[in-house]
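Colleague:
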Amino acid sequence: MLSLFLTNLLFVLATILPILNPPAVAPIFWTMTSGANNQTRKMLSKRIALNVFVMIVAAIFLGNFVLSMLGISLSVVRVGGGLLVIAAAWKLLNAEDPDTSLHPIDSEYSIDKAKNNAFYPLTFPITCGPGTIAAAITVGASLQNSELNWTTVTSLSGTMVGVGIVSLTVFFCLRFAAQFLHRLGQNGTVIFMRLSAFILLCVGVQILWAGVHDLVISLFTEVAKIK
Numbered sequence: 728m729l730s731l732f733l734t735n736l737l738f739v740l741a742t743i744l745p746i747l748n749p750p751a752v753a754p755i756f757w758t759m760t761s762g763a764n765n766q767t768r769k770m771l772s773k774r775i776a777l778n779v780f781v782m783i784v785a786a787i788f789l790g791n792f793v794l795s796m797l798g799i800s801l802s803v804v805r806v807g808g809g810l811l812v813i814a815a816a817w818k819l820l821n822a823e824d825p826d827t828s829l830h831p832i833d834s835e836y837s838i839d840k841a842k843n844n845a846f847y848p849l850t851f852p853i854t855c856g857p858g859t860i861a862a863a864i865t866v867g868a869s870l871q872n873s874e875l876n877w878t879t880v881t882s883l884s885g886t887m888v889g890v891g892i893v894s895l896t897v898f899f900c901l902r903f904a905a906q907f908l909h910r911l912g913q914n915g916t917v918i919f920m921r922l923s924a925f926i927l928l929c930v931g932v933q934i935l936w937a938g939v940h941d942l943v944i945s946l947f948t949e950v951a952k953i954k
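Residue numbers for the sequence shown, in the working numbering: 728 to 954.
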């Protein structure tokens, strides 16, 4: 049972954590919350981590059912989500300063604004994007079992603990983003933020391409069947 628990825990970490990539999200989070004080950022870090936990759990247990019910494929989710990520990254890349034109550093980032932005865009698609959701749905597909027994309970427990670790990782990376960026200095922070925005843009393009590629392959498969 312990081996099964650890297997599912490590499977979640290996599948979701590299795609989520919290350290790369930290400078983007800092950029998009410029003007906020430490308490506001701490509150946002907690709320985003909780949102990530809920989204991943929902995708694991309900993702396949919802997509099947609506007739939406994972490929379409990747295309739509990729476009959202590209749009967010493009705004960051074209900002006039490292703090972005969305939230000037000399303006107060209020609690109300933080609450409004906690889910969109800070949780989705910036932190937990379509790639993460697709990975979570994949994890959910591996857990499908019609019988409720100790094996199933152990697998689910390992999965839930893994998701909890992922969420905690998100919280700590966002919570201490300031300390990390402070060590880089002003110029280093600007460079790192621009590079992170560019990497985010590349991730969005990759997600979009994966969805388009799958849709094109499906199209050619259907055409071949007709012939």
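Note that beta-carbon positions come from the ideal geometry of N, C-alpha and C, so glycine has one too. Here the structure is a predicted model, which means the values were calculated and not measured.
(1) Going straight from the alpha carbon of T859 to that of A951, what length do you get?
(2) Cα separation between T827 and S837?
(3) Measuring CB to CB, does N791 end up less than 9 angstroms from G889?
(4) Within this structure, are the beta carbons of I755 and A905 separated by less than 9 angstroms?
(5) Go through the segment 846-916 residue by residue and report every complete run of the alpha helix (DSSP H) that reaches 4 residues or more, in order.
(6) Measuring alpha carbon to alpha carbon, tell me which residue in A814, F851 and L771 is nearest T760.
(7) Quick one: using the 10 Å Cβ neighbour count with 16 as the cut-off for buried, is V893 buried or exposed?
(8) Do A863 and I787 have their C-beta atoms closer together than 9 angstroms?
(9) Below 9 angstroms between beta carbons: does that hold for L928 and W757?
Modeller: With the structure as the only source:
(1) Their backbone Cα atoms lie some 32 angstroms apart in a straight line.
(2) At T827, the pLDDT of 38 sits below 50, so the modelled position is not reliable; the number obtained from the coordinates is stated separately. Rounded to the nearest angstrom, the two C-alpha atoms are 16 angstroms apart.
(3) no
(4) no
(5) 857-869 and 877-902
(6) L771
(7) buried
(8) A contact, by the Cβ cut-off of 9 angstroms.
(9) no
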